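A.B. asks: Using the working numbering, read the sequence shown as starting at 11 and increasing by one per residue.
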Amino acid sequence: MNYFEDYHAHTGVHPDKFYKATLFQSPRLMLGLNCLEPGQTQPVHDHTAQDKFYLVVEGEGEFVVGEEHRRAGPGMVIWAPAGVAHGVTNPGANRLVVVMGIAPAPSSS
Numbered sequence: 011m012n013y014f015e016d017y018h019a020h021t022g023v024h025p026d027k028f029y030k031a032t033l034f035q036s037p038r039l040m041l042g043l044n045c046l047e048p049g050q051t052q053p054v055h056d057h058t059a060q061d062k063f064y065l066v067v068e069g070e071g072e073f074v075v076g077e078e079h080r081r082a083g084p085g086m087v088i089w090a091p092a093g094v095a096h097g098v099t100n101p102g103a104n105r106l107v108v109v110m111g112i113a114p115a116p117s118s119s
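As structure tokens, then:
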């Protein structure tokens with residue numbers, strides 16, 4: 011297993027929707043990378059029983075968490091508690107890259 015990764019090796023582009031890549035996944039944690047080109051959006055959604063975070067590493071995004079709307083750039087961490095609607099739009103002229111972390115969904119057993 012490789013314990014060190016350069017996120018740049020996992021960036022990419024989809025012309026019609028934002029790009030997603032999994033950096034790491036285990037039964038306890040999933041880390042991903044989301045790349046949003048200018049004008050792309052991750053629609054507002056929620057995770058009933060999962061907390062989630064975004065760490066902005068490149069660009070700026072307009073984030074929604076619950077009723078709060080806020081612009082965030084490199085170094086900012088955005089928390090979305092379980093059950094709280096969240097999403098992001100890239101209103102800028104450059105790519106937005108965020109590291110995303112979320113716990114796996116609880117099992118239904």
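Where is the CB? At the ideal position from N, CA and C, for every residue including glycine. Quantities reported herein were computed from a predicted structural model and do not represent experimental measurements.
Quick one: Cα of residue 41 to Cα of residue 110, how far?
C.D. replies: Position 31 of the sequence shown, counting from 1, holds the residue named residue 41. Position 100 of the sequence shown, counting from 1, holds the residue named residue 110. Rounded to whole angstroms, the separation of the alpha carbons of residue 110 and residue 41 is 6 Å.
A.B. asks: Which of helix, strand or coil does DSSP assign to residue 59?
C.D. replies: Residue 59 sits at position 49 when you count from the first residue of the sequence shown. Note: residue 59 maps to coil in three-state DSSP.
A.B. asks: My output table needs one value for residue 24: the three-state DSSP class, helix, strand or coil.
C.D. replies: Against the sequence shown, residue 24 aligns to sequence position 14. Looking at residue 24 - three-state DSSP - the assignment turns out to be coil, as it is neither helix nor strand.
A.B. asks: One question on the structure: do residue 67 and residue 47 come within less than 8 Å of each other, judged by their Cβ atoms?
C.D. replies: Here residue 67 refers to the residue found at position 57 when the sequence shown is read from its first residue. Here residue 47 refers to the residue found at position 37 when the sequence shown is read from its first residue. No, these two residues do not count as a Cβ contact at 8 Å.
A.B. asks: Would you mind reading off the limits of the beta strand (DSSP E) that contains residue 96?
C.D. replies: The residue labelled residue 96 in the question sits at position 86 within the sequence shown. Its beta strand (DSSP E) spans residues 96-99.
A.B. asks: Taking only the alpha-carbon atoms, compute the straight-line gap between residue 69 and residue 91 and give it to the nearest angstrom.
C.D. replies: By 1-based counting over the sequence shown, the position of residue 69 is 59. By 1-based counting over the sequence shown, the position of residue 91 is 81. Taking the straight line joining both Cα atoms gives about 23 Å.
A.B. asks: For residue 80, collect the residues of the same chain with a Cβ closer than 6 Å to its Cβ; drop the 5 residues on either side in sequence, then sort them by chain order.
C.D. replies: Here residue 80 is taken as the residue at index 70 of the sequence shown, counted from 1. The residues are 73.
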